[in-house]
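The structure appears below as structure tokens.
In the working numbering, the protein residues as written are 207 to 1118.
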């Protein structure tokens, strides 16, 4: 090794050491200033964040004003993933982002592509507890993102900025292509194909310098500006690598052109064509990437486009059409056939079938009539509606959905930590590898050593693509959460989306999840002279004046069948037994067997029917007319139409389905058998449901809990993924990781399938990014030269780098074509469920001391004998510490005035 070689090696070692110190040495933190109870600081966004380390105090509101002094897609968004906060940063504007950190520690904030980074150091509160007024307890971190006045307004600034960026990139690419083409043609035609007739002027270094200098300075300006600014912030990104590589090639060529005598004769080649091609290809790839990435935000733009622009309100008896943002709570709004319902409201007059598919994902219109709730942005059918606004602006369902989707898209999936860790060290490592490559080629490479070393080092810098790693996860998460929103599935975070694909057990609450959650008439058995329709009409008339849920179910059933209303001449409610009534001159008894026995009505012919109905989990109601047994009616919480098909689909996905209920074992087994559930956890009190979830997790299972998002909140929180089903209300959205707006179990299947598709897409993206860099960088460094004599041209490296990012973006956009396959009909179900009850039931769940020996007493109304669900029952806490459950307030009040030790009515009895 000669002296020059030794000097090169020493300089390379020193340069790598300086590089490590420059990028990884500790950085000075800047403390936010406390003003009017808010910690405020200004951050300049210009190739990085300045300052990039911010100190704040736990529990006190924080306002960071991001002053973005640049354009380009990379820094157009800031994401505090651990806080669930994100904000768009329009170019050349100041954007405040507000939140309250509730946990001490270090929180990173990044650009949307994870290439520009900063750190928020949250110091513990001196008093050990948060005390900021702006904390939002709904977020685990207590974060409150910046909300514009109307969060369902358009994103015109972002779209305008994106359009301007596309125009600018197109212009620069055209300039680069036009000026580079003659130089590239001259070099390629002469050197590769031996064409001698190429005009000698085109091969002149001075002419090539004149053509390529505008490409270097104008076309490549966005790359160089961002690259140098990033390096100035002691960070580095893809732009930094390209800047270093092209400046090295351009500077070397400029030296050869201006002062060729300073270099050996064999090292006087120029590489202007490489500079032009690299910059033009990189900008072309960025242009195509920007166009493709615009599609990944389609979900938010589609949701924003759902809302109506105006509303027809009635004020002072005058109908006026006003802008949507002027509608206030309490306004009466007219909705004509075919129009969009402008705001969340309650129907005052009229009825119509409303298309709610854009919110719930359910394709069939839903009938809405007076008293029903309608959701803004849904489409009215053929009827006219008059509604009263209940939620507008930021409080509307659409605003919540948009806010939740944005929050999910801003969050990070656990799998992204790999990409973040790699990309944090990636660029400094590539620069160090380029230095090593240069030194190795210079010392041991063939002549001309300087030229070979320069080409190899530039190729290493150019081919490395941290951008692909940065895009691998966020784009797929953005598309996946958007697809979920269109299907009526609101995914709260990227972590929930990732975890859902690993679930192997799904626990279903029975009432309101598998079943409809409200009593409905299921059976009418006439045993006397009356037909079934006549019996139902008479019993419904007798029940008209009763407030009991079973009575309402019978009346609704008669109304649905269009039976004529009978005349009620007299009515008497018999507490705990049923009702007596006179209907069109006939004496009618409706209720329990005890009520009929006291009236000396023979019930021998009704008892077997009542027993059969009870075995099916239904509540039998006996009827007698004019002293003769007339028949038995069955009322039950009916099973949702698609529950069986959804459960069968979960089984086909390899997921064990468990039904968890506070109902008695017999009723739970009957429902489970109808829907195909093989394992049942019955007679579980509400406060013990979370324990059952943890017991399943103790078996090594990853558990998803599906409930209503309110009563099941502890179990939802204990599960690996909580899925709130049914209402789509504020509480449901905030209580679970995933909210299924439609209330259908098919949403569970869709959520798991979508999670699996998204994670498959992310793994493909990470493979493309890691495999590309893992293969490309060694090849560019010359790993294949000793074996095959292959070297990688910097121009080919530039093309490969551009294709790397495009492959990731294109694959993420492929997820946009994912469609939810329809559920096949459930096959005939013949299941004998395995029913489990708590091993040590306590008296706390029993109605009273006398009932403690009855295994079903904790779910039987002790007044009327009706099976009740503890989750929805009226509850009375007894002086002796026991708890009684009742189907209605009337039964509860009746019990409160009676002996606490009265035996419960027989199963199948009636009520007050």
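Cβ atoms here follow ideal geometry from the backbone N, Cα and C, with glycine treated the same way.
Fair warning: this is a prediction, and the values are worked out from it, not measured in the lab.
7 Å CB neighbourhood of residue i in its chain, flanking five on each side removed
i: residue 633; result: 442, 443, 446, 447, 672
i: residue 551; result: 539, 580, 593, 594, 595, 596
i: residue 214; result: 645, 648, 649
i: residue 426; result: 452, 485
i: residue 811; result: 733, 835
i: residue 575; result: 553, 557
Through-space distance from residue j to residue i, alpha-carbon basis
i: residue 970; j: residue 635; result: 24 Å
i: residue 559; j: residue 429; result: 55 Å
i: residue 679; j: residue 966; result: 11 Å
i: residue 1124; j: residue 913; result: In this structure the chain extends from 207 to 1118, so residue 1124 is not present and cannot be described.
i: residue 692; j: residue 1003; result: 40 Å
i: residue 822; j: residue 601; result: 43 Å
i: residue 263; j: residue 587; result: 53 Å
i: residue 869; j: residue 1013; result: 53 Å
i: residue 326; j: residue 243; result: 19 Å
i: residue 476; j: residue 230; result: 35 Å
i: residue 1046; j: residue 927; result: In this prediction, residue 1046 has a pLDDT of 41, which is less than 50 and means its spatial position is unreliable; what the coordinates show is noted afterwards. In a straight line, the C-alpha of residue 1046 is about 28 Å away from that of residue 927.
i: residue 979; j: residue 670; result: 6 Å
i: residue 798; j: residue 807; result: 11 Å
i: residue 548; j: residue 578; result: 16 Å
i: residue 299; j: residue 370; result: 15 Å
i: residue 963; j: residue 1021; result: 8 Å
i: residue 211; j: residue 218; result: 11 Å
i: residue 527; j: residue 571; result: 26 Å
i: residue 289; j: residue 768; result: 55 Å
i: residue 891; j: residue 792; result: 44 Å
i: residue 295; j: residue 884; result: 52 Å
i: residue 1006; j: residue 994; result: 20 Å
i: residue 359; j: residue 604; result: With a pLDDT of 48 at residue 359, under the threshold of 50, the modelled position of that residue is not reliable, and the figure given next carries that caveat. In a straight line, the C-alpha of residue 359 is about 11 Å away from that of residue 604.
Test item: CB-CB of residue i and residue j under 8 Å
i: residue 732; j: residue 844; result: no
i: residue 372; j: residue 497; result: yes
i: residue 874; j: residue 896; result: no
i: residue 923; j: residue 909; result: no
i: residue 256; j: residue 329; result: no
i: residue 774; j: residue 839; result: no
i: residue 694; j: residue 947; result: yes
i: residue 1041; j: residue 881; result: no
i: residue 303; j: residue 274; result: no
i: residue 462; j: residue 411; result: yes
i: residue 655; j: residue 986; result: no
i: residue 802; j: residue 816; result: no
i: residue 743; j: residue 764; result: yes
i: residue 493; j: residue 375; result: yes
Sequence-distant residues of its chain with Cβ nearer than 8 Å to residue i (five each side left out)
i: residue 992; result: none
i: residue 421; result: 381, 382, 385, 386, 481, 482, 485, 486
i: residue 222; result: 638, 641, 642
Segment limits, beta strand (DSSP E) that includes residue i
i: residue 887; result: 885 to 887
i: residue 551; result: 550 to 555
i: residue 314; result: 311 to 317
i: residue 596; result: 591 to 597
Endpoints, alpha helix (DSSP H) assigned at residue i
i: residue 562; result: Per DSSP, residue 562 belongs to no alpha helix (DSSP H) and is neither H nor E.
i: residue 702; result: 700 to 706
i: residue 240; result: Element bounds for residue 240: not the alpha helix (DSSP H) but the beta strand (DSSP E), 239 to 241.
i: residue 897; result: 895 to 904
i: residue 992; result: 991 to 994
i: residue 429; result: 427 to 438
i: residue 981; result: 952 to 987
i: residue 463; result: 444 to 464
i: residue 1011; result: 1000 to 1020
Residue i Cβ short of 7 Å to the ligand SAH heavy atom set
i: residue 597; result: Ligands displayed in this structure: none; no statement on the ligand SAH is therefore possible.
Sequence-distant residues of its chain with Cβ nearer than 6 Å to residue i (five each side left out)
i: residue 867; result: 716, 874, 888
i: residue 690; result: 697, 960
i: residue 778; result: 786
i: residue 522; result: none
Quick one: complete alpha helix (DSSP H) runs, 4+ long, within the region 781 to 847? Counting only runs of 4 or more, we get 799 to 804, 813 to 821.
Every unbroken beta strand (DSSP E) within the region 508 to 540, with a cutoff of 3 residues, ordered by chain: Secondary structure within the region 508 to 540: the beta strand (DSSP E) runs of 3 or more consecutive residues, fully enclosed, are 516 to 521, 524 to 529 (chain order).
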